[in-house]
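Take a look at the structure below.
2 protein chains.
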Amino acid sequence: MAPRSKKIVDATSSPISMADLARELGVSMTTISRALSDHHSIGPATKQKVLKLAKKLNYQPNHLAAALRKGQSKLIGVIVPYIEGRFFATVVHGIETAASKAGFNVIICQSSEDVAQERKNVETLLSAQVAGILVSLSRDTNDFRHFEKVRKRGIPLVFFDRVLESDTVNAVVLNDYDGGYQVTRHLLEQGCRRIGHFAGPQHLNIYRNRRQGYLDALESYNLPLDEQRIVYSDMTLEDGSEGMRQLLALPDGGVDAVFSAGDTAVLGALQFLKSKQVAVPQQVALAGFSNEAFTAITEPMLTSVDQRCEEMGQAAVRLFLELVESQDSAFLQRQVILQPRLFIRESSLQGTPSLDTLSKQATKIPC
Amino acid sequence: MAPRSKKIVDATSSPISMADLARELGVSMTTISRALSDHHSIGPATKQKVLKLAKKLNYQPNHLAAALRKGQSKLIGVIVPYIEGRFFATVVHGIETAASKAGFNVIICQSSEDVAQERKNVETLLSAQVAGILVSLSRDTNDFRHFEKVRKRGIPLVFFDRVLESDTVNAVVLNDYDGGYQVTRHLLEQGCRRIGHFAGPQHLNIYRNRRQGYLDALESYNLPLDEQRIVYSDMTLEDGSEGMRQLLALPDGGVDAVFSAGDTAVLGALQFLKSKQVAVPQQVALAGFSNEAFTAITEPMLTSVDQRCEEMGQAAVRLFLELVESQDSAFLQRQVILQPRLFIRESSLQGTPSLDTLSKQATKIPC
DNA sequence: GCGGTGTATGCAAACGTTTGCATATATTGC
DNA sequence: GCAATATATGCAAACGTTTGCATACACCGC
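Protein sequences, first through last, are from chains Z and A.
For the first sequence, the working numbering assigns the number 35 to the initial residue and increments by one for each residue that follows.
For the second sequence, the working numbering assigns the number 35 to the initial residue and increments by one for each residue that follows.
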């Protein structure tokens, strides 16, 4: 019987290893290894010889073996609630690009907004011996032991966007508060005074902060808090439509603007208003959050806060790299806060819009 | 001097290995390994003991070591031109979900539509010892040697969406021809007879096939080919707008419908028509390709062909798994062809639309 | 002529698994 | 009672790197 290792199909030639190079050149594997990793103690002549042969034989290093020996792989684990959808896809794009530049590969996992799955993801990534983990929490994560394990192992852990309620972690977040503040100020400057708000689940930091920005902006104009004007929901299209209905039906004559903590909900509101022949922005101005692609397509186009998705991904990787460098990463706890950017479009421009600034921002579909 | 292995910060306790378990239970590592992998020759009592201890000590297997020994990792490499954007993000979602179910992790790489980068991605993935590679070609890949290398190594290779012009590969593709045919037939059934077409770059199989479907549908109605009604472009928003201008200006009175091989271009056309007060669909019906999220948001909503992104990802993984199973994968060359699905919306419904079927498909935002 | 330093190379032991080839006992069939 | 089979376990060699600790030679300064 033929030995098992000899395949019937001979197309699968085994890749060549450092041992092969060493044998060919009559030197030790040490020399090969050092030549390839540009060690100082290898003579230029030897180094050249090795590199040339490696290229000629098309040598491919086995990262696995190296990682095993060094206890340090070139893999970064990323956990997101889901990958489809503009925000996370773009963050992941930023992560992959930055990681690749630093010589790291990216493993993605999806928690599907499920804590149990998230826990499993963490275990998987640890088993894969990743050099670090970047994670955006699932919607209802409230048990953090699985992350303790990561820290115990001394593996850099960076949160982004959806973070732990604690300042003892490394995190990259958007200044959601400022986003809420900016957009509300903008609505106020347009002359709106009865501004409603679609608020998301308040156990999530992002929605809480957006709401607080809204409130503080109102206060800066000496407008009192009116809880009636705040609608809490899961921010779906239907929630937006229904929320708009509620706000219009308020006893004091409704609202003249709405700041929604999400774009999908504000789209629902827009559709509702159009179906009721309410003019946007003349009768009710609208503004959302996330700068989804469709905000530049609706009629009128929707004002929204951009979340700097790509920058967030890059920043997360940068932070990870810093942690890898510093030997006492267990102590380093850094927070990176990104400034959001307001995209002003038709839906919030009362009076005569400055068409110059408008068109520039509006025509670019953020896809 | 303290030994190097002993860290100053003791927080980083080294993870426990099979050797630890073996010592603790007084058995050999073989037994541990076999118990954990459910080998038949391990007694149920021993198996239980091992599993219990493993759970108690929170043992995490080192995939790297296993992969090194077995020469087979649990990693799938995925190369896409870019990850942001609905199509690829959703495909990757499908891939990750299916791969995860089968116990595989996914490494993503972006070629950024650049052949050189794509080549690099392949090398990287081979170095990472992936069990297989799934790839959607960069826009201008025309040199295939880097893929030959993959096959030489006996590593399963599956193309999806953008594939090689050859039937000696494993591939998952959409039936673009049928998509073009379906949508054109639909326009014909609506009574349109002067149907224009926005065609993409003809060196890409997908655009060529969509165009052919369009032509054959016309022929099925005994309508002659009129090259004047076909506008070739890169399918951007501006291309769509400009293309629409051209088609309206045709000597024979313009067109009464346009099938665009991409949604972005059809959006441009819609914007142009609205600016010229041309009624859609009454005067000109529109239909696109890709079923982008915004097609359900525009007014009127846009008819489009759905590409089954998620199914494509799943199918690619299924195909990969089949290749892994079959030992002579080098010979197996399978093509999976997915059927596109036409989403009929307002932009193409002449006369009295059947509101029942319409609303069901239209309200769901494919996000 | 000796310690110091810089250059150039090799030996062999790790890293944590998996697995072919033993070994040992118990059970079964004839 | 003996071969065949099933059950249960262990030894030790792989897998392809990296690296601490040698070894060896050359040159320099004193």
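Cβ atoms here follow ideal geometry from the backbone N, Cα and C, with glycine treated the same way.
The beta carbons of Z/P190 and Z/V370 sit no closer together than 7 Å. Residues of the region 313-342 of chain A with a C-beta atom less than 7 Å from some C-beta of chain Z are A327, F328, I331, T332, E333, listed in chain order. Around the Cβ of A/S360, a 10 Å sphere holds fewer than 16 other Cβ atoms; the residue is exposed.
Put simply, the backbone Cα of A/T124 is about 10 Å away from that of A/Q341. A/C343 carries a helical assignment under DSSP once its states are collapsed to helix, strand and coil.
Between the alpha carbons of A/P285 and A/L259 lies a distance of about 16 Å.
A/R185 is not bridged by DSSP to any residue.
In the structure shown, A/Q163 adopts coil according to DSSP, grouped into three states. About 7 Å separates the beta carbons of A/K108 and A/A165, which is inside the 8 Å limit, making them a contact pair. Residue pairing by DSSP leaves A/F122 without any beta bridge partner. Assigned with DSSP and collapsed to three states, Z/Q369 falls in strand.
Apart from sequence neighbours up to five positions away, the residues of its chain that approach Z/V156 with a beta-carbon distance below 6 Å are H180, ordered along the chain. If you draw a straight line from the Cα of A/G77 to the Cα of A/P49, it is about 27 Å long. Taking 7 Å as the CB threshold, Z/E345 stays off the interface with chain A.
According to DSSP, Z/N139 shares a beta bridge with Z/L109.
Runs of the beta strand (DSSP E) spanning 3 or more residues and lying entirely within the region 230-284 of chain A occur at 264-266, in chain order. By the criterion of a C-beta distance shorter than 6 Å, Z/F122 is surrounded in its chain by V114, once the five residues flanking it on both sides are discounted.
When Cβ-Cβ separations below 7 Å define contact, Z/S71 makes no contact with chain A. For A/G188, the closest C-alpha among the options A/D210, A/L160, A/F178, A/S170 is that of A/L160. Interface with chain Z (7 Å Cβ-Cβ cutoff): A/Q144 is included. For A/A101, the residues of chain Z that pass the 7 Å Cβ criterion are L98, in the order they occur in the chain. Within chain Z, Q94, P95, N96, H97 have C-beta atoms less than 8 Å from the C-beta of A/S161, given in sequence order. From the listed residues Z/S294, Z/K310, Z/G274, the smallest Cα separation to Z/A303 is found for Z/G274. For A/R219, the enclosing alpha helix (DSSP H) stretches over residues 210-223.
Annotation: A/L198 has no Cβ neighbours in chain Z at a cutoff of 8 Å; minimum Cβ distance is about 18 Å. Of the candidates Z/E356, Z/L87, Z/V289, Z/K310, the residue whose Cα lies closest to the Cα of Z/A319 is Z/V289. Closest in C-alpha terms to A/H97, from the list A/S71, A/L281, A/K83, comes A/S71. If the five residues before and after A/L282 are omitted, its C-beta is found closer than 6 Å to the C-beta atoms of G288, all from its own chain and listed in chain order. For the 7 Å CB-CB criterion, A/D210 and A/N256 do not form a contact. Residue state for Z/F178 is assigned as coil, using DSSP reduced to three classes. Taking each of Z/Q216, Z/D195, Z/G322 in turn and checking the Cα distance to Z/L271, the smallest one comes out for Z/G322. When C-beta distances to chain Z are compared with 9 Å, the residues of the region 271-304 of chain A below that value are L271, T298, L301, in chain order. Interface annotation, Z/E118: in contact with chain A, CB-CB separation under 7 Å. Bridge partners of Z/N325 according to DSSP: none are assigned. Contact check between the region 327-339 of chain A and the region 328-340 of chain Z: three or more CB pairs, one atom from each, fall below 8 Å, which counts as touching. For the 7 Å CB-CB criterion, Z/E345 and Z/L372 form a contact.
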